[in-house]
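All the letters of the sequence shown, read from the start, carry residue numbers 134 to 564 under the numbering used here.
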Amino acid sequence: MSGLPGPRPDTAAGPRRDDAYGWDVPAFWETRPRVLELPGQAPAFDEDELFALACAAAARRTALPDPQDVRLFADDHLVNPSRIDAYLPSPQTDEGFRGYAHRMRKAGVRTFALTVNSLQQFDWQFFRTLRRHTGPVLAAAGTPPPGGVDCHLIASVYGTAPTHVHKDTAGVLTYVVSGYKRYCTWPFEVFADIAGDGAAQRQVNLPASVRAEDHLDTATVVEGGPGTVLYWPSDRWHCALSDGRPAVSLHLAHYQWEDRLETLLRRLRRLTTAELGVRRFHGGRDGADDTAVDTQVHKTVSRLLGDTALGLHTGLRRLQRETATHFAVVPPPRERPRLAPHDPLTVPTGSALRARTADDLTYLAVNGHLLRAGGGAWLDAFLPALAPGTTRTAAEWAALARAAGASSRDDAATLLAELVRYGALDAGAAG
Numbered sequence: 134m135s136g137l138p139g140p141r142p143d144t145a146a147g148p149r150r151d152d153a154y155g156w157d158v159p160a161f162w163e164t165r166p167r168v169l170e171l172p173g174q175a176p177a178f179d180e181d182e183l184f185a186l187a188c189a190a191a192a193r194r195t196a197l198p199d200p201q202d203v204r205l206f207a208d209d210h211l212v213n214p215s216r217i218d219a220y221l222p223s224p225q226t227d228e229g230f231r232g233y234a235h236r237m238r239k240a241g242v243r244t245f246a247l248t249v250n251s252l253q254q255f256d257w258q259f260f261r262t263l264r265r266h267t268g269p270v271l272a273a274a275g276t277p278p279p280g281g282v283d284c285h286l287i288a289s290v291y292g293t294a295p296t297h298v299h300k301d302t303a304g305v306l307t308y309v310v311s312g313y314k315r316y317c318t319w320p321f322e323v324f325a326d327i328a329g330d331g332a333a334q335r336q337v338n339l340p341a342s343v344r345a346e347d348h349l350d351t352a353t354v355v356e357g358g359p360g361t362v363l364y365w366p367s368d369r370w371h372c373a374l375s376d377g378r379p380a381v382s383l384h385l386a387h388y389q390w391e392d393r394l395e396t397l398l399r400r401l402r403r404l405t406t407a408e409l410g411v412r413r414f415h416g417g418r419d420g421a422d423d424t425a426v427d428t429q430v431h432k433t434v435s436r437l438l439g440d441t442a443l444g445l446h447t448g449l450r451r452l453q454r455e456t457a458t459h460f461a462v463v464p465p466p467r468e469r470p471r472l473a474p475h476d477p478l479t480v481p482t483g484s485a486l487r488a489r490t491a492d493d494l495t496y497l498a499v500n501g502h503l504l505r506a507g508g509g510a511w512l513d514a515f516l517p518a519l520a521p522g523t524t525r526t527a528a529e530w531a532a533l534a535r536a537a538g539a540s541s542r543d544d545a546a547t548l549l550a551e552l553v554r555y556g557a558l559d560a561g562a563a564g
């Protein structure tokens, strides 16, 4: 490898086991960076498929819940969203990622990094593929990540990544698809003084003046080419390096911090302070000290915890996460199908459904989505029929639903349509 600074690679693959590619996940999870191997040392993901997904993301960028899920650095600068379209990949102009890199070079862009966040949101089949990779790892790790799982694609040409030295809140498995990637990683303490208070629980980018090559003596390096998987824990600073040639990598991020509680408490304090401050206009005392604020927050949180609706909401959210293999972002529902009685419908491998009944309502978690049905307790009797690989006609599935207790043909037909929309049934026969 020319042009990459030196040493301390961690290349231990660890003892082999029968789960999660044979990796001994507990030996390194959230403790140390590792270089891991895939069976046959072949890339786990197809580059052409990833290019098609990147093009789909680029085409839908402005309609996404967060358009910044597709972003581009060109020559170390973040491209303004108003100008980004001309710099995004397209099947009409590019033959794969290498063709895209060639077009960027002709346009005068020397280095770039295209990032697509939550790549799984763009295709149901790819989402299932990711779940097959992620499920065994989570099972071996033993504890699901509090902040969920996400998948990010990076296609790049650079020497040093434009994000420089930074840390996220995720332990990351980086699958090198093409090219070569090297990550310098550092324990949190190395840059803690620069990062400031609270950096352990948030994403932090250090100034560009903090250069990876100046801190190699404290770095642990993980690196590799296609078929290699690179891991670092959530508390590690890291900086990506490459050799200036095209590279594609897929990053499965396991977020170890859940920010919602911290955000909720911060908002509660702000609202409570404002509420106590208003009282002085109604004969109350001037202002409010921290003790009064904390007392009021405690009372509010206690009321929330005593609310049975909160317990239901928490339980349903857990079901959503479990049926999505803890992915925080899932593909949107497909278009509602028009099913004929003879149409074959197949249960795909990797689909997950769970039902919960409360207050005469049945909630059905389907691949990370949540549906609600009145009087739908019969779903518990129907769900076991949805064995992966099973193919039946729409009429046969409807008959099973009626036998389980669906009150009408319309209820059964509605259920089947919803299962297709949310990825629990696919149109067509198996294979």
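All C-beta atoms, glycine included, are put in the ideal place defined by N, C-alpha and C.
Being a predicted model, the structure only gives us computed values, none of them experimental.
Would you kindly check if the distance between the Cβ of residue j and the Cβ of residue i is under 8 angstroms?
i           : j           : result
residue 476 : residue 560 : yes
residue 498 : residue 456 : yes
residue 314 : residue 371 : no
residue 377 : residue 168 : no
residue 162 : residue 279 : no
residue 302 : residue 336 : yes
residue 522 : residue 261 : no
residue 298 : residue 333 : no
Please look up how many angstroms separate the CB atoms of residue i and residue j, rounded, as I've assumed it's under 8 angstroms.
i           : j           : result
residue 249 : residue 203 : 5 angstroms
residue 520 : residue 534 : Rounded, the Cβ-Cβ distance is 15 angstroms, inconsistent with contact.
residue 183 : residue 445 : Not really, about 39 angstroms apart at Cβ, beyond 8 angstroms.
residue 317 : residue 374 : 7 angstroms
residue 496 : residue 449 : 6 angstroms
residue 515 : residue 537 : 4 angstroms
residue 468 : residue 504 : Contact flag wrong, Cβ pair sits at about 16 angstroms.
residue 178 : residue 308 : 6 angstroms
residue 283 : residue 386 : 5 angstroms
Going by Cα to Cα distance, which pick from the options is closest to residue i?
i           : options               : result
residue 549 : 535, 531 and 306      : 531
residue 165 : 304, 450, 495 and 373 : 304
residue 365 : 185, 351, 320 and 379 : 320
residue 487 : 557, 473, 539 and 547 : 557
residue 509 : 563, 529, 194 and 539 : 539
residue 478 : 494, 518, 504 and 308 : 518
residue 513 : 489, 493 and 494      : 489
By DSSP, does residue i sit in helix, in strand, or in coil?
i           : result
residue 154 : helix
residue 376 : coil
residue 230 : helix
residue 552 : helix
residue 145 : Note that residue 145 scores a pLDDT of 40, beneath 50, so its modelled location is shaky and nothing firm can be said.
residue 454 : helix
residue 369 : coil
residue 165 : coil
residue 202 : helix
residue 343 : coil
residue 415 : Note that residue 415 has pLDDT 38, beneath the 50 cutoff, so the model's placement of it is unreliable and the number below is only indicative. The answer is helix: DSSP assigns residue 415 an H, G or I state.
residue 298 : coil
residue 106 : Examination of residue 106 is not possible in this model, given that the chain is present from 134 through 564 alone.
residue 189 : helix
Suppose the cutoff is 8 angstroms on Cβ atoms and the five residues either side in sequence are ignored; what does the same chain contact list for residue i look like?
i           : result
residue 501 : 453, 454, 456, 457, 460 and 463
residue 153 : 269, 270, 272 and 273
residue 222 : 184, 187, 188, 191, 230, 233, 247 and 288
Please check if any C-beta of chain B sits within less than 8 angstroms of the C-beta of residue i.
i           : result
residue 512 : Considering every chain present, this structure includes no chain B. It has just one protein chain.
Short of 7 angstroms in beta carbon distance, which residues of its chain neighbour residue i, apart from the five on each side in sequence? Order them along the chain.
i           : result
residue 416 : Here the model assigns residue 416 a pLDDT of 40, short of 50, so the residue's position is not dependable, and the following value carries that caveat. Contacts found: none.
residue 139 : Residue confidence is low: residue 139 scores 48 on pLDDT, short of 50, so the model does not pin down where it sits. Its coordinate-derived value is still stated next. Within the same chain, residue 139 has close Cβ partners 349.
residue 491 : 445
residue 265 : 483
residue 158 : 270, 273 and 274
residue 351 : 319 and 323
With a CB to CB cut of under 6 angstroms and the five nearest residues on each side skipped, what residues in its chain are close to residue i?
i           : result
residue 553 : 470
residue 293 : 374
residue 524 : 477, 479, 562 and 563
residue 474 : 527 and 528
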